[in-house]
Amino acid sequence: MSTRWHGLEPGDVLDNDQLRKIFKCSPQGGMRRSKETNSLVIVSNHVESLYDDRWIDNVLHYTGMGKRDDQSYTFMQNRTLFESNQNGVEVHLFEVFKLREYIYRGRVELADDPYQEQQADEKENMRNVWVFPVKLKDEGFVYEPSKTLIYEALVVREKKAKRMTDQNLKIRAGASRRKVRRKQVVTTTFERDIYVAEYVKRCAKGVCQLCDKPAPFENKQGEPYLETHHIVWLARGGDDSIDNTVALCPNCHRKMHILDSPDDISKLISAAKGRNTE
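Counting from 1, one number per residue, gives the positions in the sequence shown under full-length UniProt numbering.
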């Protein structure tokens, strides 16, 4: 089956006006319904969005509509997407890694039943949201964003995390989904939770949690340089959570990945527990 739709192919980059004209939809929002083209455009914005969309094994877990309070699956386009495998509406996915650049990924369909999870709203209050697992529908050429593009979007989100208050950061980090984002392309890549990483490093206050020494140098922003380490490695099924994450100097981080000694693991478990009970 062709991947083209109104001249579009996966990987095509549109601006917002082009997207609106092609799909005859609203110029704003993450879910844009068009009755004229019988389509629903969903936008996964990895730069600006409040929501926590993530790819796991080539399925995008896409968060529904509603910026405050608990979401309802019957609310506006949540219902359209919820019923999309039966209602005849074509669902098209765009991703944003740079401001005002919408990358067309193709048509998608529900890969599994929608489910609920906890995410923060725009006021940093935890609430229930609906998450829709969607997968690409068409065979043929599949566009994959470059590692550079993904990294640049990650840097933007990391800067936002650094500007958060301690309290708001703790809320976000404490609500991590625990199971890491995983995407299978040529090799398996893991996308860590930026809020967990920032919270753990901030709590360490520039001191390695294994050797108890100050960070060996500062980064370009003048901050003590520490790296996050998962006590039970992600590759071994460890959680991406504050309970399983510590901040280490580069030397100790390398040591853990080479030796991973039981005594060191025990010390890091105690450090994580001590921090999380404060």
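Just so it is clear, CB atoms sit at the ideal spot from N, CA and C, and this is done for glycine as well. Since this is a predicted model, take the numbers as computed values, not measurements.
Per DSSP, what kind of secondary structure is residue i in: helix, strand or coil?
i	result
residue 355	Past the boundaries of the shown model lies residue 355; the chain is included only from 1 to 278, so the question cannot be answered.
L8	strand
K72	Here the sequence assigns Ser to residue 72, which means Lys is not the residue at that position. The answer is coil: DSSP assigns S72 none of H, G, I, E or B.
A120	strand
N168	helix
R127	strand
E158	helix
R79	helix
G30	coil
V13	strand
Using a 10 Å radius around the Cβ and a threshold of 16 neighbouring Cβ atoms, would you call residue i buried or exposed?
i	result
M1	Because M1 carries a pLDDT of 39, less than 50, the predicted location of this residue cannot be relied on, and the following value inherits that uncertainty. When all chains shown are included, M1 counts as exposed.
N125	exposed
D53	buried
H230	buried
residue 282	The structure shown does not extend to residue 282, since the chain spans only 1 to 278, so no value can be given for it.
P10	buried
K201	buried
A235	exposed
G274	exposed
F23	buried
G7	exposed
N244	buried
I258	exposed
Going by beta-carbon coordinates alone, are residue i and residue j separated by less than 9 Å?
i	j	result
K67	E122	yes
Y102	D15	yes
S146	E95	no
E152	K98	yes
A271	L226	no
A247	Y195	no
G64	L81	yes
A173	E198	yes
Q77	R20	no
E90	R105	no
Y62	V134	yes
L110	F132	yes
I171	H92	no
State the start and end residues of the unbroken alpha helix (DSSP H) segment that holds residue i.
i	result
N85	S84 to N87
R20	N16 to F23
By the DSSP assignment, the beta strand (DSSP E) with residue i in it spans what residues?
i	result
K67	From DSSP, K67 is part of no beta strand (DSSP E); its letter is neither H nor E.
E101	E101 to L110
V91	E90 to K98
V43	S39 to N45
R54	R54 to I56
Consider the C-beta atom of residue i and the heavy atoms of the ligand PLP; say whether any pair is separated by less than 8 Å.
i	result
F132	In terms of ligand content, the structure shown is empty, and the ligand PLP therefore cannot be addressed.
Can you list the alpha helix (DSSP H) stretches of 4 or more residues lying completely in the stretch 192-275, in chain order? Those alpha helix (DSSP H) runs which fall completely within the stretch 192-275 and span 4+ residues are 194-204 and 250-258.
Residue ranges of each alpha helix (DSSP H) within the stretch 129-156, 4 or longer: Listed in chain order, there is nothing to give.
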